[in-house]
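Below: the structure, in structure tokens.
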Amino acid sequence: MTSQANSDRDEGTETKRVSKDEAAFILGQGGRTKAKLCAVSGAQIDVNEGRNAGGASGGSPGGSQLRIRGTAKQRFYALKYIKFVIAQRLGPVKIEDTSVHDDLAILVVPADTVSFIMGKGGSYLRLVEEEWQTLLFFLSVNPKNPRVSSDPTRTERLAIFGPDERRRRGAELKVMAAIETKLPGHFTVNVTDFEDSEEGFATDTLVLKDEDCSYAIGRSGATRRKLARASSCIVEYVGRIAYLCGTKTERACAREYLQWLLRQRVGEHIHVEHNGRQDVTMLMLSSNFVGYIAGHKGSALRAIEEETSTFCFIEGTADDSEDQKPLLIFGCAEDRRVAEGLVWERMSEKFDDPAVADE
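25 is the number of the first residue of the sequence shown in the working numbering; add one for each residue after it.
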């Protein structure tokens, strides 16, 4: 292995010799495994195949060379994750001391859920890895032939690797949510409403009513994702428990948005004291514009939310006598700015197009 560092930016390049079979495994189908390793580590990884892959440093014919570019920390993580990927090609991965890894979370799961969580050919774990830019594998479990156990007390350990704690936690909750569908109450039987006092990254929980769950998730998870994006907080539902993970401010926003959403479900009027808030933009809409801005069953406003990663709603009820109604747009400043622009564009359509003037 050779190393060339750039001291000014702590960036450099390292090379590693691997066999042709190992190189193919690192690349993966369509280059997906290599892309995953790059996303998780933050390094750029190139695979140079063939007789001259070693360049001036030589190398055995038919071998391949990995070129890993990035900061020292990115290269360190990339080499470590490459080692784990290669180990999976031959059988189960073993880690003697998990405490030495600052980029690792361990999730203990019932042994009889391993095949369910892996999915066909490991497909479900790959989806979680892709969504959260993490590396997941079961320790001491052969991915090609996972053990089937009928003992409800047996457990296995799922390793979740990635330098970013937030992404590791998101992946962990995604797997917990899947297991909870197979074994209701496994993770949540004793979980109650909880707000952590920690200012930094932590987890709050909120117990949902049965009738609120599907509404909070939305079609194909759209509502959950909307709340997460607008609050910059991880929002995941494990059974009937909403897990909110982020800084204290992010968790508070996510909890508030979710509670407003659930109150809207039953037709409750929501009033927000927006003065002094840093997460909201308010637009006053003339009452004759409200229906057009919202669209049929709120579809136009939902489309703006989807495009801009915001959470929007119009205060008041359809049958009140107010001449103007506040449209509240929640999210980060740039996303709110874009959403506001789209609202004004839609209002201009109603002004300018006679075909919609009376809608």
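Ideal Cβ positions, reconstructed from N, Cα and C, are used throughout, including at glycine.
As assigned by DSSP and simplified to three states, the class of residue i
| i | result |
| --- | --- |
| N214 | coil |
| A67 | coil |
| D34 | coil |
| F337 | strand |
| E260 | strand |
| Q302 | coil |
| S88 | strand |
| S310 | strand |
| I119 | coil |
| E364 | helix |
| D236 | helix |
| T57 | helix |
Other residues of its chain near residue i: CB distance less than 6 Å, five sequence neighbours each side excluded
| i | result |
| --- | --- |
| R56 | none |
| A67 | I92, G94, Q98, R99 and A102 |
| A63 | Q157 |
| A363 | I328, T332, T334 and I353 |
| R191 | W156, Q157 and T158 |
Straight-line gap, residue i to residue j (C-alpha atoms, nearest Å)
| i | j | result |
| --- | --- | --- |
| F313 | S372 | 11 Å |
| E369 | I328 | 11 Å |
| E46 | I69 | 14 Å |
| G365 | I353 | 11 Å |
| F140 | P208 | 14 Å |
| Q112 | D303 | 45 Å |
| G270 | A246 | 20 Å |
| S147 | G319 | 38 Å |
| F225 | V259 | 13 Å |
| G322 | K206 | 34 Å |
Where the alpha helix (DSSP H) containing residue i begins and where it ends
| i | result |
| --- | --- |
| S139 | V138 to M142 |
| I110 | A96 to L114 |
| K321 | No alpha helix (DSSP H) holds K321; DSSP gives it neither H nor E. |
| I294 | Run containing I294: none; DSSP gives neither H nor E here. |
| L197 | E189 to K206 |
| T247 | A246 to S255 |
| R150 | S147 to W156 |
Other residues of its chain near residue i: CB distance less than 7 Å, five sequence neighbours each side excluded
| i | result |
| --- | --- |
| E180 | V133, A135, V138, F162 and V165 |
| D34 | T95 and A96 |
| E204 | H210, F211, T212, V262 and G263 |
| V71 | A47, I50, L51, K58, S88 and L90 |
Beta-carbon contacts of residue i that lie in its chain and below 8 Å, excluding the five residues immediately before and after
| i | result |
| --- | --- |
| L131 | R181, L182, I184, E196, V199 and M200 |
| L232 | A240, Y261, R264, I265, A266 and L286 |
| S256 | G270, E274, C277 and C356 |
| R243 | none |
Residue i - partner residues in DSSP beta bridges
| i | result |
| --- | --- |
| F161 | A183 |
| V42 | S88 |
| R93 | T37 and Q68 |
| E20 | Outside the shown range of the chain, which is 25 to 383, sits residue 20, and nothing can be said about it. |
Host beta strand (DSSP E) of residue i (start-end)
| i | result |
| --- | --- |
| F354 | Q348 to F354 |
| V132 | L128 to P134 |
| T229 | A226 to V231 |
| L268 | I265 to G270 |
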